[in-house]
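Comments concern the structure below.
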Amino acid sequence: MAGESSRSQRAYFSLRDDIFAFRLLPGDRFSENDVAERFGISRTPVREALLRLQSEGLVRGHFRNGWEVVPIDLARFEALYDLRTLLETHAAMRLCQQPVSPRVDRSCLEVLAATWQVPPAERLTDGNQVADLDEAFHQAIVCAAGNPEAAAVHQQVTDRIRIIRRLDFAYGERIALTYEEHANILTALLACDGARAVELLTGHIEEGRVEVSRLTTERLEQARTNLERPLSTDAPPRRRRFG
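Counting in full-length UniProt numbering, the sequence shown runs from 1 upward without gaps.
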């Protein structure tokens, strides 16, 4: 059983990475046999991995027609961006309230500043690394506000919009903008200027939402090329899309 679980975990994490790095694009389809052959394992751990990915909204199964990376639903993503804005701006206001609530942890702001308020020469340039740091930045702000339930919801939102957010970091100019915008947000938070922090956060998230509305298949293809990392084995072969 332990071996099956380990094989399922390996398939799960590898397929999830393929989706996040656009080696598998929204709408791409593959079979359980494709995945089983790739990893040299049986279909049982493969199915467990795919069911886990399906529960996270990343893939979906089609009766007798294999599996598909979930196509992008722009209306759903825009709704998630709205929810993200509410959670993060509320957290920003709590971080700036005086007197500071004992549940609020402002110490994280200095830690974040050490990453984001750095000279251009010290900034990271790898899109995948910056994407990971970007998620951590926004999650830290919500967690620092001291409401674990809000933080849990924010984590769920983050998981569901990760594919879209990764697309932003396929382009070099977005990396530079993220550093600048995060640095400005931190300046406002450190100064306890809640109104300014909310304004900056709202604009920052809105830019990401606008990018969602501009998505095209061609841009996704370009993102996969720009972000692709070498794999020890090839991703499952892409097949004709449904429809």
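For each residue, glycine too, the CB sits at the ideal point set by N, CA and C.
With 16 other CB atoms within 10 Å as the buried threshold, where does residue 134 fall? With 16 or more other Cβ atoms within 10 Å, it is buried.
Are three or more beta carbon pairs between the region 83-99 and the region 44-54 nearer than 8 Å? With contact defined as three or more Cβ pairs closer than 8 Å, the region 83-99 and the region 44-54 are not in contact.
Could you tell me the alpha carbon to alpha carbon distance between residue 45 and residue 147, rounded to whole angstroms? Distance from the CA of residue 45 to the CA of residue 147, rounded to the nearest whole angstrom, comes to 37 Å.
Simplified DSSP state of residue 30, which is helix, strand or coil: In this structure, residue 30 counts as strand in the three-state DSSP scheme.
Opposing strand residues paired with residue 61 [DSSP bridges]: Residue 61 pairs with 67.
Sorted by chain position, which residues of the same chain lie with C-beta nearer than 8 Å to residue 26's C-beta, five sequence neighbours on each side aside? Around residue 26: 69, 70, 71, 72, 163 and 220.
Beta-carbon contacts of residue 152 that lie in its chain and below 7 Å, excluding the five residues immediately before and after: So the list is empty, once near-sequence residues are dropped.
Got a sec? Which residues, its chain only, sit under 7 Å from residue 159 by beta carbon, not counting five neighbours each side? Take residue 159, set aside five residues on each side of it, and the residues of its chain with a beta-carbon closer than 7 Å to its own are 56, in chain order.
For residue 178, count neighbouring C-beta atoms within 10 Å of its own C-beta (all shown protein chains included) and say buried if the count is 16 or more, exposed if not. Buried.
According to DSSP, is residue 117 helix, strand or coil? The answer is coil: DSSP assigns residue 117 none of H, G, I, E or B.
Which of helix, strand or coil does DSSP assign to residue 193? Correct three-state label for residue 193: coil.
Between residue 105 and residue 170, what straight-line distance do the alpha-carbon atoms span, to the nearest angstrom? Taking the straight line joining both Cα atoms gives about 33 Å.
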